[in-house]
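Student:
Numbering (the working numbering), first residue to last: 32 to 189.
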């Protein structure tokens, strides 16, 4: 199991990378880590708002996808968060100084790039969880280029 720098696994850049590192991964799951620091993106006086947990989970799934793609000799590409079900956090904010452990477990993933993951964030005194639905198409260009803004009911260009 190769552990790549998180910057290599995500199509994000700079301050928009909210994860610090991958701790472990395999074909079914991934565990990442984030230390909540003052001055980081989205961090307020009370810490990182709990709503940002959805983005931490989505980036963890993107890192899982990056691991799978790089292992197969491919290139990391953008993906899309389609939905979040039952997001629950038992705090309003993840406190500054907290080390967050973010885990995503694959429940479904198909050849077209659709996937569903059970996710959780844990640290001392806090817990958050949700199910995320994601889409990582083999070619994301039609979904990113405004000239291709007409898509059929399956999400593909006509």
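Just so it is clear, CB atoms sit at the ideal spot from N, CA and C, and this is done for glycine as well.
#1: If I follow the unbroken beta strand (DSSP E) through residue 86, where does it start and stop?
#2: Can you check DSSP and say which residues form a bridge with residue 130?
#3: Taking the alpha carbon of residue 130 as the reference point, which residue from 41, 54 and 164 has its own alpha carbon closest?
#4: As a quick exercise: from 95, 132, 149 and 102, pick the residue whose alpha carbon is nearest that of residue 118.
#5: Can you give the Cα-Cα distance for residue 116 and residue 163, rounded to whole angstroms?
#6: Assuming residue 63 contacts residue 94 under a Cβ cut-off of 8 Å, what Cβ separation, rounded to an integer in Å, is found between them?
#7: What's the C-alpha gap between residue 74 and residue 135?
#8: Could you name the residues of the same chain whose beta carbon sits closer than 6 Å to that of residue 144, not counting the 5 residues immediately before and after it, in chain order?
#9: Use the C-beta contact count for residue 90: other C-beta atoms within 10 angstroms, 16 or more gives buried, fewer gives exposed.
#10: Measure the C-alpha to C-alpha separation of residue 80 and residue 170 and round it to an integer number of angstroms.
#11: Could you give the C-beta distance for residue 65 and residue 49, rounded to a whole number, given that I count them as a contact under 8 Å?
Tutor: Result, derived from the coordinates:
#1: Counting from 1 along the chain shown, the entry for residue 86 is found at position 55. First-last for residue 86: 84-102, but that is the alpha helix (DSSP H), not the beta strand (DSSP E).
#2: If you number the chain shown from 1, residue 130 lands on position 99. DSSP output for residue 130 lists 66 as bridge partner(s).
#3: Here the question's residue 130 lines up with position 99 in the chain shown. Measuring C-alpha to C-alpha distances from residue 130 to each of 41, 54 and 164 identifies 54 as the nearest.
#4: Counting from 1 along the chain shown, the entry for residue 118 is found at position 87. Answer by Cα proximity: 149.
#5: As a first step, residue 116 must be located in the chain shown, where it is residue number 85. As a first step, residue 163 must be located in the chain shown, where it is residue number 132. Per the coordinates, the alpha-carbon of residue 116 lies some 6 Å from the alpha-carbon of residue 163.
#6: Position 32 of the chain shown holds residue 63. Position 63 of the chain shown holds residue 94. Correct: roughly 6 Å between the Cβ atoms.
#7: Taking the chain shown and counting its residues from 1, the one referred to as residue 74 is at position 43. Taking the chain shown and counting its residues from 1, the one referred to as residue 135 is at position 104. Their backbone Cα atoms lie some 23 Å apart in a straight line.
#8: Sequence index remark: in the chain shown, residue 144 carries index 113 (1-based). Counting only Cβ-Cβ distances below 6 Å, and skipping sequence neighbours, we find 166, 167 and 168.
#9: Counting from one through the chain shown, the residue named residue 90 turns up at place 59. Residue 90 should be labelled buried.
#10: Counted from its first residue, the chain shown places residue 80 at position 49. Counted from its first residue, the chain shown places residue 170 at position 139. Near 33 Å, if we compare the C-alpha coordinates of residue 170 and residue 80.
#11: Here residue 65 refers to the residue found at position 34 of the chain shown. Here residue 49 refers to the residue found at position 18 of the chain shown. Indeed they touch by this definition, with Cβ atoms about 6 Å apart.
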